[in-house]
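Enquirer: To convert, take the position in the sequence shown, counting from 1, and add 30; that gives my numbering.
For glycine and all other residues, C-beta sits at the position ideal for the given N, C-alpha and C.
Sharing a structure here in C-alpha cells format.
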Amino acid sequence: MSRDRFFSILKFLRFSSPENVKKDDPKTRIEEYLDVLRERSQTVMKPGKHIAIDEALIMWCGRLGFRQYIKTKRARFGVEAFVLCPSDEEWQGYSWNFHLYYGKDTYMIEDPNASRLSVSERIVVFLMKDLLNSGRHVITDNWYTSLRLADYLETQRTLLTGVVRSGRGPPKEVQDMKWDKKQSVFARKGNALVVKWMDKKDICVLTTKYTANIVEHKKTYFGNKTVFFNRPLHFEKYNQKMGSVDLADQLLEPYHYDRKSLAWFKKIGIHFLFRIALNAFIAYRNASRGTTEFLQFLEILCKELLTEHNLGAAALAEVYANQKVHGPRLQQPSSNIHHFVKWEEQKKQKRCRVFPPARKATRYYCAGDPGICSVEHFKTWQSEGKGKEKTIYQWHCSQTKHGSPLH
C-alpha cells in the first residue's frame, strides 16, 4: 500500500456510527467503539482476587473540553483514562475495564450510599461495579485511597489497600509523630489499619486486608553493599500488586501514536486498539506458554488479519514472500573516466611506479592509482594504458572515500 493510499483511508477513519454522533456530546464519537472493546476484554477472563486501579494519560495538546493536566505524567496534557487491571502474575498488564474521564459527572452511581463519595472515590466504585460483593481486594494509589472509600467498600464485601494522603485517613496523632528512619507506626479504626513508615519521607498506607506485621527487607546499594532492615509487610504487598497498570503502559509506550495531525478521537481509538492487542497477547501467552514477544505477536496478528479479511491476500503475500530483494543498481563505470593529479601536503610519500629503475618517492598521486612522481610520468602511466586496469577500483573508491591511492 502506498503512503497516499494509507493517508486517504486514515482520513475517513471513524469509531462510531454517523447517526449516533452529536456535536454537543464529544464522547459519542468514541464510546460506541470503547463499549465493544470493553465487552470483548471482559468475556475472555475474570479477574482474580487482587485488582489494581490506576490512570493513564493519552497525550493530546489540542483544544478539548475534557483535556487534563497531570504534571507527574510524561505527556502532561491529554485525555485521562482510568484502567482496572488484574494483579495476578500471569495476567498483569491486562486491561479488564477502562473508561475515559469526561468530567466530574462522568461516573454516577445509582447506590444512594455512594453519593457522599468524592469524584476519585466514585471512579473506584464505578470500575468495580461488576466485581463488588465477591470478596476481592483492590489496590489504589493516593489519589483514590481514603478512609471513607474503605468504609464504603467494606459494606460491599470488598477489601482495600493503598497509599493514603495525610488528610484522608491517618489520625492527627500519627501524622505528628516524628521518628528516626526505618521506623514504623500503626493505628487502627475498626477494620481499617493505617501504617506510617519513615524512610526518605513519611509514607502512609491504609488497608482493610492486612494486619500489623513486620518483615525483613534486603536492599543492595552501589558497590554490592547489602543492607537488611525491617519494614511493614503492607509496602511489600503494595509494590507487588500495584505494578499491573504500569506494566501495561511500559509495553504500550513504544507504540504511542503521537502525531499532532490526527483528530483526538482517532488518537484515542488507535491507543485502545493497541491496548486490546496487548490483551490478546497476554491471553495468547497464557494459553500457549510460549516465549513470543509483543512485537512478534503484532506482526503475526497483522498478517493473519490481512490474510483472512482481504480478498486475494494469501496469493499476494506468497508473491511478496518469494520476491528477491535487490540492492541499488550501481552505474557501470565508463572507460573514459578522467584521472586527476592531486598533491597532498600531509600525505605520506609513495614510490613512483614509472621512474626506472631507481626508487623515487613522491607526494603526487592519482585518486585510485599508485603514486606518480611528476605530471610527465602521470601522462606516461595513462597513455600506456596501465591506469585503465585500475578504473574499476577508482570508480568504487570515489563512491566510498575519495583520494585513496592504490598501494
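Between the Cα of V74 and the Cα atoms of Y137, E329, E151, A307, which residue gives the shortest distance?
Expert: It is A307.
Enquirer: Suppose you measure from the CA of I367 to the CA of R33; what does that come to, to the nearest Å?
Expert: Its pLDDT being 45, under 50, I367 is placed unreliably in this model, and the value from its coordinates should be taken loosely. About 40 Å.
Enquirer: Just reading off the beta strand (DSSP E) that C332 is part of, what are its end residues?
Expert: It is not in any beta strand (DSSP E) - C332 instead sits in the alpha helix (DSSP H) that spans 324-339.
Enquirer: On the premise that Y131 lies in contact with E110, defined as a C-beta separation below 8 Å, what is that separation, rounded to the nearest angstrom?
Expert: Yes, E110 and Y131 are in contact; Cβ-Cβ is about 4 Å, under 8 Å.
Enquirer: Ends of the beta strand (DSSP E) at H247?
Expert: Taken as a continuous stretch (DSSP letters only), the beta strand (DSSP E) holding H247 covers 244-251.
Enquirer: Taking the alpha helix (DSSP H) that G299 belongs to, which residues open and close that run?
Expert: Taken as a continuous stretch (DSSP letters only), the alpha helix (DSSP H) holding G299 covers 294-318.
Enquirer: May I ask which residues mark the beginning and end of the alpha helix (DSSP H) holding H286?
Expert: It is not in any alpha helix (DSSP H) - H286 carries neither H nor E in the DSSP assignment.
Enquirer: Can you name, in chain order, every residue of its own chain whose Cβ lies under 6 Å from the Cβ of S365, other than the five neighbours on each side?
Expert: Model confidence at S365 stands at a pLDDT of 47, short of 50, so the residue's coordinates are unreliable and nothing is read from them.
Enquirer: Would you list the one or two residues that DSSP bridges to N260?
Expert: E246, per the DSSP bridge assignment.
Enquirer: Can you tell me the Cα-Cα spacing of K271 and F36, whole angstroms?
Expert: Spanning the two alpha carbons is a distance of roughly 41 Å.
Enquirer: Just mark V215 as buried or exposed, buried being the case when its beta carbon has 16 or more other beta carbons within 10 Å.
Expert: Label assigned to V215: buried.
Enquirer: Give every residue of the same chain whose Cβ lies closer than 6 Å to the Cβ of K195, excluding the five residues on either side of it in the sequence, and list them in chain order.
Expert: For clarity, residue 195 is Arg in the given sequence; the question names Lys instead. Contacts found: N172.
Enquirer: Cutting at 6 Å between CB atoms, please list the residues of its own chain near M228, excluding the five before and the five after it.
Expert: Once the five neighbours on either side are set aside, the close Cβ partners of M228 are W209, K211, Q213.
Enquirer: Could you check the C-alpha separation between S46 and I233 for me, to the nearest Å?
Expert: Going by the C-alpha atoms only, they are around 45 Å apart.
Enquirer: Roughly how far, in whole angstroms, is the beta-carbon of A105 from the beta-carbon of L177, given that I think they are within contact range, below 8 Å?
Expert: Not confirmed; about 32 Å, so no contact.
Enquirer: Does the Cβ of F295 lie closer than 7 Å to at least one heavy atom of the ligand HEM?
Expert: This structure lacks the ligand HEM; in fact it carries no ligand of any kind.
Enquirer: How big is the Cα-Cα spacing for L114 and E203?
Expert: Roughly 34 Å separates the two Cα atoms.
Enquirer: Exposed or buried, what is H264 when buried is set at 16 or more other beta-carbons lying within 10 Å of its beta-carbon?
Expert: Buried, since its Cβ has 16 or more Cβ neighbours within 10 Å.
Enquirer: What are the boundary residues of the alpha helix (DSSP H) that includes T185?
Expert: Counting along the chain, the alpha helix (DSSP H) containing T185 begins and ends at 177-185.
Enquirer: How long is the line joining the alpha carbons of Y314 and V66, rounded to whole angstroms?
Expert: Their backbone Cα atoms lie some 20 Å apart in a straight line.
Enquirer: Classify P56 as helix, strand or coil using the three-state DSSP reduction.
Expert: Helix.
Enquirer: Per DSSP, which residues does V193 bridge with? Please list them.
Expert: Answer by DSSP bridge pairing, in chain order: V235.
Enquirer: Quick one: measure Cβ to Cβ for A180 and T238, integer angstroms, because I've assumed they're closer than 8 Å.
Expert: Contact flag correct, Cβ pair sits at about 5 Å.
Enquirer: If you draw a straight line from the C-alpha of K226 to the C-alpha of A217, how long is it?
Expert: The alpha-carbon atoms of K226 and A217 are separated by roughly 9 Å.
Enquirer: At 4 residues or longer, and completely inside the region 80-165: list those alpha helix (DSSP H) runs for me, N to C.
Expert: Correct list: 149-157.
Enquirer: Suppose contacts are defined by Cβ-Cβ distances below 8 Å. Is E246 in contact with F258 by that definition?
Expert: Contact flag set, yes.
Enquirer: Could you tell me the distance, in whole angstroms, from the CA atom of A144 to the CA atom of D118?
Expert: Computed Cα separation, rounded: 28 Å.
Enquirer: First and last residue of the alpha helix (DSSP H) that includes V204?
Expert: 202-206 is the span of the alpha helix (DSSP H), which, as asked, contains V204.
Enquirer: Within 10 angstroms of its Cβ, does E69 collect 16 or more other Cβ (buried), or is it exposed?
Expert: When all chains shown are included, E69 counts as exposed.
Enquirer: Should P142 be labelled buried (16 or more other beta-carbon atoms within 10 Å of its own) or exposed?
Expert: Exposed: under 16 other Cβ atoms inside 10 Å.
Enquirer: Buried or exposed for L16, please, with buried defined as at least 16 other CB atoms from any protein chain shown within 10 angstroms of its CB.
Expert: The question about residue 16 has no answer here: the residues shown for the chain are numbered 31 through 437.
Enquirer: Do L236 and G192 come within 8 Å of each other at the CB atom, strictly closer than that value?
Expert: Closer than 8 Å, so yes.
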